[in-house]
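Quick note: the sequence shown uses the working numbering, first residue 2, plus one each step.
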Amino acid sequence: MPLKVQRGRLMVMSEPWRTFWDGREIPLFGRMESRYLSLLLRFGEVGLGAFEMLLGEDTSARAVPVHMSRLRKALIGKPVKIENIHGWGYRLKMEDNP
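Structural data, given as structure tokens:
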């Protein structure tokens with residue numbers, strides 16, 4: 002069964018992984034960014050370990066930050082912010098009244 006996670010105007014769907022803002026698809030670099038965003042939408046704050054588990058064993062030290070950078074670029078102009086929680090993980094913040 003496909004996954005659908007939504008918070009405000011931002012939504013992620015699986016099978017295939019796609020991301021939407023106000024019903025319009027946001028082009029991302031790959032499905033991994035949508036998977037990362039779905040975790041942030043569900044939990045708000047996510048530790049590095051959870052993101053690394055999605056990547057599996059083929060992980061470089063820079064893999065998670067690279068995916069987060071791509072996500073931030075895709076969300077430019079939207080009232081959404083992905084913050085680094087030093088030494089722990091990432092936090093998703095959304096403005097209440099975009």
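Ideal placement from N, C-alpha and C gives every residue a C-beta, glycine not left out.
Here the structure is a predicted model, which is why all the values come from computation and not from measurement.
Could you compute how far the alpha carbon of residue i sits from the alpha carbon of residue j?
i, j, result
"His68", "Val47", "14 Å"
"Leu72", "Met2", "25 Å"
"Leu42", "Ser15", "13 Å"
"Trp22", "Met12", "6 Å"
"Glu96", "Pro80", "5 Å"
"Pro37", "Pro66", "The residue asked about is misnamed: residue 37 is Tyr in this sequence, not Pro. Cα-Cα distance, rounded: 11 Å."
Check for me: the alpha helix (DSSP H) holding residue i runs from which residue to which?
i, result
"Met2", "Premise fails: Met2 is in no alpha helix (DSSP H) and is neither H nor E."
In terms of alpha-carbon separation, which member of the options lies closest to residue i?
i, options, result
"Ala185", "Glu26, Met14, Leu4", "Because residue 185 is not part of the residues shown, which for the chain are 2 to 99, the question remains open."
"Val1", "Phe52, Trp89, Ser35, Pro28", "No statement about residue 1 is possible, as the shown extent of the chain runs from 2 to 99 and does not include it."
Can you check whether the CB of residue j is closer than 8 Å to the CB of residue i?
i, j, result
"Leu93", "Ser39", "no"
"Arg8", "Trp18", "no"
"Gly78", "Leu49", "no"
"Ala62", "Leu56", "no"
Which residue comes first and which comes last in the beta strand (DSSP E) that contains residue i?
i, result
"Gly121", "Lying before the first or after the last residue shown, residue 121 is absent from the chain, which here runs from 2 to 99."
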